[in-house]
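Encoded as structure tokens, the structure appears first; notes follow it.
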């Protein structure tokens, strides 16, 4: 494991050298680089001789910082700092859930560093269209006046949602303005995903400007998208993007 420091936090990452364009796995909200999808893709990339990078945002996994201090902009900047330090040239980004949003921010603000994109249950704008939209008036008041609220999670401890996460997220929304993606994009989404619905996937598909984009819906798959067949579909999607990357 390697580290770099950004904004006072040590950011942990693991890079495997190999053929380019390399693959970069961007994990989800409160997840880490030791998850099933990240490790399975890394093993596959090593067999293919393909460069691979996985990382932990600040407040996640082995990186420094407190989770509740972070926001989408922080984690986007964390990802860019690691990508800049550990890779050269355009990369194929693989964004899972919140990582899909971060990948879209990278594609919007640093398109020269993106060769292609694969999203797994991408969750763009979820702070606004998910948490804030679903909050009751009482919970909105709690966030604004007390600075945070705890919401139930299907993955263990409740999520602590902060006022900063909500307010800063509004400066990072990607579904409110044109979003050109001038490279191959493949999206995969489960129909039984309780965290990110097919409505979000279809909204993203219809919103972006991209000449080479496909969305694959998997009936019965949930948000983890980590079953054997799900992982195989992710690998096939990566292969398809790599085949269509412009030289």
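Numbering (our numbering), first residue to last: -6 to 240.
Where is the CB? At the ideal position from N, CA and C, for every residue including glycine.
Closest residue to residue i among the options (Cα-Cα distance)
i	options	result
residue 99	17, 229, 13 and 8	17
residue 123	159, 164 and 50	159
residue 230	86, 94, 240 and 104	86
residue 44	190, 140, 13 and -3	13
residue 223	131, 180, 27 and 176	180
residue -6	0, 2, 215 and 26	26
residue 29	232, 225 and 236	225
residue 0	54, 105, 72 and 23	72
As assigned by DSSP and simplified to three states, the class of residue i
i	result
residue 170	coil
residue 215	coil
residue 53	coil
residue 133	helix
residue 118	coil
residue 178	strand
residue 147	coil
residue 107	strand
residue 187	coil
6 angstroms Cβ shell around residue i - same chain, five flanking residues per side excluded
i	result
residue 211	183
residue 21	89, 90, 91 and 92
Alpha-carbon spacing of residue i relative to residue j, whole angstroms
i	j	result
residue 143	residue 167	25 angstroms
residue 111	residue 207	10 angstroms
residue 40	residue 10	12 angstroms
residue 193	residue 220	22 angstroms
residue 64	residue 174	24 angstroms
residue 121	residue 127	9 angstroms
residue 125	residue 137	11 angstroms
residue 188	residue 216	6 angstroms
residue 68	residue 213	30 angstroms
Supposed close pair residue i, residue j - CB separation, criterion 8 angstroms
i	j	result
residue 6	residue 75	5 angstroms
residue 19	residue 109	About 13 angstroms; that fails the 8 angstroms criterion.
Same chain, Cβ closer than 8 angstroms to residue i, five either side skipped, listed in chain order
i	result
residue 94	65, 88, 115, 116, 117, 118, 119, 165 and 167
residue 42	11 and 12
Other residues of its chain near residue i: CB distance less than 7 angstroms, five sequence neighbours each side excluded
i	result
residue 157	64
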